[in-house]
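K.L.:
Following this message is one structure expressed as structure tokens.
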Amino acid sequence: MHQTSLCLFLSLLVASSATPTFAQDSTFTVPTAAAWVDTGIDLQSGDSIQITATSSVGECDPNGTGAASNNAPLPSAAAGALIAKLNAEATPTLVGSSDSLNITEASHLFLSANVTGNPPCQGKFSVKVHKGTSADSSANQNRGQQLKSQLAEAAEVFMQGQFGIDKPAAGAAAASLKLSNTPLDPALRKDIDGLPRRVNDQFKNLGDMVNFVIIGSQKKMQDALDAANWHVADTSDRKAVFEAALETYENKDYLSMPMSTLYLFGRPQDFGYEMAEPIAMVASRNHFRIWKAPFTWQGQEVWVGAGTHDIGFAKDKRNGNVTHKIDPVVDGERDNVGSSLQKTGKVKTLTYYLPSNPVQQAKNATGDGYSSDGRLLVIVLQ
């Protein structure tokens, strides 16, 4: 999770009686040369802005390309990436192709490319700034009270995950599983033994373990997950928390917090699913990624999943940014997936299988450790 997302979440908890917003849109041209563009936009505490950028001239990418020099305005970001600052002397923050910022004090918005000296490419960015400002609306008072209640629940979830306060005991989902006593087919066991044990990020850092398998067509899988109240994850992490707040004010509960891209079989996840209460999922959610396997079993598609339970926030060991913190006992999420699907009546069998090279102690791609009994849960759909 981007650091501004965490700041927005905590600000929402503090300002849970805030009123709804109305929008103001402005468009700017930002050259890729080393120069700050004064947008003329003044901001006040309580405002929020969403910034989106595309290349309008040339082939420059607002997400940047390659490493920036130590003399760049923001050395930790890619060279040529779009950056912003909230006053002339402020430390810049990365925007890239999209970001949202929550304003906590009087500010003034500046935009630039992250370069010093000669830019990595010649071009211009077209940048749209979507600004929301506080506006009184008596018609939304009831919704405001509901939001306050949801935010209070989110705060409780956050405290449970971050500090272990009143954390539920592990193993409840496993205890509810109705498991098959029939051993897995030898051919299926062989295929599962040949699966990669862990997924990886874009830099090839090994991460979450593969901990469940679903057997059935894509339609059967999606229908079962929908019936179990799993939601497809958002694909744009930069704007997700902004949209969570906005959609809640518009009487919609945001249930699609973003999910980062991880890789298995040399490709990104085919689907990402998550389950949580509205708003609280900013801090805590059950979620998994799933990939179609390169083999079938008895003519049926096989889906390979890696699930974890977000329980708070932690520092990403790769870059120092804020990211989600997972429950280190990852078997709980494996069993939660199985339990939720079994309740739909769409599951034929559930079977634990210990592969030949199980993962029992490891770290995910962000550096957090986790443990497991090493078993995969094999879920065959009706």
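Here the sequence shown is numbered in this note's numbering, starting from 30 and rising by one per residue. Beta carbons are placed, not taken as given, at the ideal position from N, Cα and C, and that holds for glycine.
#1: Applying the 10 Å Cβ sphere with the 16-neighbour rule, what's the burial state of Ser-385?
#2: Which one or two residues does DSSP pair with Phe-300 in a beta bridge?
#3: Give the straight-line distance between the Cα atoms of Gly-236 and Leu-254, rounded to the nearest whole angstrom.
#4: In the DSSP output, what is Val-59 paired with across the bridge?
#5: Can you tell me which of Ala-101, Gly-69, Cys-89 puts its alpha carbon nearest to the alpha carbon of Asn-116?
#6: Considering just the uninterrupted stretch of the beta strand (DSSP E) at Ile-221, what are its terminal residues?
#7: Please report the Cβ distance between Gly-161 and Asp-76, rounded to the nearest whole angstrom; I am assuming they are in contact, meaning their Cβ atoms lie under 8 Å.
#8: Closest by CA to Leu-130, which one among Glu-88, Ser-400, Ser-74?
#9: Give the DSSP bridge partners of Met-238, in chain order.
#10: Identify which residue in Gln-329, Thr-325, Gly-336, Val-124 has its Cα closest to the Cα of Met-304.
#11: Go through its chain and collect everything with a Cβ distance to Leu-208's Cβ below 7 Å, but skip five positions before and after it.
#12: Tell me which residues share the same chain as Leu-275 and place their Cβ nearer than 6 Å to its Cβ, disregarding the 5 neighbours each side in the sequence.
#13: If you follow the beta strand (DSSP E) that Val-66 is part of, which residue opens it and which one closes it?
#14: State the start and end residues of the unbroken alpha helix (DSSP H) segment that holds Leu-254.
#15: Taking 8 Å as the limit between beta carbons, can you name the residues of its chain near Ala-82, skipping five residues before and five after?
#16: Does Asp-214 pass the burial test, meaning 16 or more other C-beta atoms within 10 Å, or should it be called exposed?
#17: Count the other C-beta atoms from every protein chain shown that fall within 10 angstroms of the C-beta of Val-366, then say buried if there are 16 or more, exposed otherwise.
#18: Measure the alpha-carbon distance for Asp-356 versus His-316 and round it to whole angstroms.
#19: Report the rounded CA-to-CA distance for Tyr-399 versus Val-86, giving the unit in angstroms.
#20: Could you say which of Val-358, Leu-383, Gly-361, Val-239 lies nearest to Ile-319 if we only look at CA atoms?
P.N.:
The answer reads as follows:
#1: As a first step, residue 385 must be located in the sequence shown, where it is residue number 356. Classification of Ser-385: exposed, given that the 10 Å Cβ count is below 16.
#2: By 1-based counting over the sequence shown, the position of residue 300 is 271. In the DSSP output, where bridge partners are listed per residue, Phe-300 has Ile-319.
#3: The count along the sequence shown starts at 1 and reaches residue 236 at position 207. The count along the sequence shown starts at 1 and reaches residue 254 at position 225. Those two C-alpha atoms are separated by around 24 Å.
#4: Taking the sequence shown and counting its residues from 1, the one referred to as residue 59 is at position 30. Phe-154.
#5: Sequence index remark: in the sequence shown, residue 116 carries index 87 (1-based). Considering only alpha carbons, the answer is Gly-69.
#6: As a position in the sequence shown, residue 221 is number 192, starting the count at 1. Run containing Ile-221: none in the beta strand (DSSP E); it sits in the alpha helix (DSSP H), 215 to 222.
#7: The residue labelled residue 161 in the question sits at position 132 within the sequence shown. The residue labelled residue 76 in the question sits at position 47 within the sequence shown. The Cβ separation is near 6 Å, so the contact holds.
#8: For the purposes of this step, residue 130 is taken as residue 101 along the sequence shown, with counting starting at 1. Comparing Cα-Cα distances from Leu-130 to each of Glu-88, Ser-400, Ser-74, the minimum goes to Ser-74.
#9: For the purposes of this step, residue 238 is identified with residue 209 of the sequence shown, where counting begins at 1. Per DSSP, Arg-227.
#10: Here residue 304 refers to the residue found at position 275 when the sequence shown is read from its first residue. The residue with the shortest Cα to Cα distance from Met-304 is Gly-336.
#11: As a first step, residue 208 must be located in the sequence shown, where it is residue number 179. So the qualifying residues of the chain are Leu-379, Thr-380, Tyr-381.
#12: One-based indexing of the sequence shown puts residue 275 at position 246. Legend: pLDDT at Leu-275 = 48, less than 50; position of this residue unreliable, value from coordinates given subsequently. None.
#13: Residue 66 sits at position 37 when you count from the first residue of the sequence shown. Val-66 -> beta strand (DSSP E) spans 66 to 72.
#14: Mapped onto the sequence shown, residue 254 falls at position 225. Note, Leu-254: alpha helix (DSSP H), 247 to 256.
#15: The count along the sequence shown starts at 1 and reaches residue 82 at position 53. Only Val-59, Pro-91, Leu-111, Val-124, Gly-125, Ser-126, Ser-127, Phe-154, Ser-155, Val-156, Lys-157 meet the Cβ criterion.
#16: Translated into the one-based positions of the sequence shown, residue 214 becomes position 185. By the neighbour-count rule (16 or more Cβ atoms within 10 Å), Asp-214 is not buried but exposed.
#17: Locating residue 366 in the sequence shown gives position 337, where the first residue counts as 1. Classification of Val-366: buried, given that the 10 Å Cβ count is 16 or more.
#18: Position 327 of the sequence shown, counting from 1, holds the residue named residue 356. Position 287 of the sequence shown, counting from 1, holds the residue named residue 316. Computed Cα separation, rounded: 12 Å.
#19: Your numbering for residue 399 matches position 370 in the sequence shown. Your numbering for residue 86 matches position 57 in the sequence shown. Spanning the two alpha carbons is a distance of roughly 46 Å.
#20: Position 290 of the sequence shown holds residue 319. Of the listed residues, the one whose Cα sits closest to Ile-319 is Val-239.
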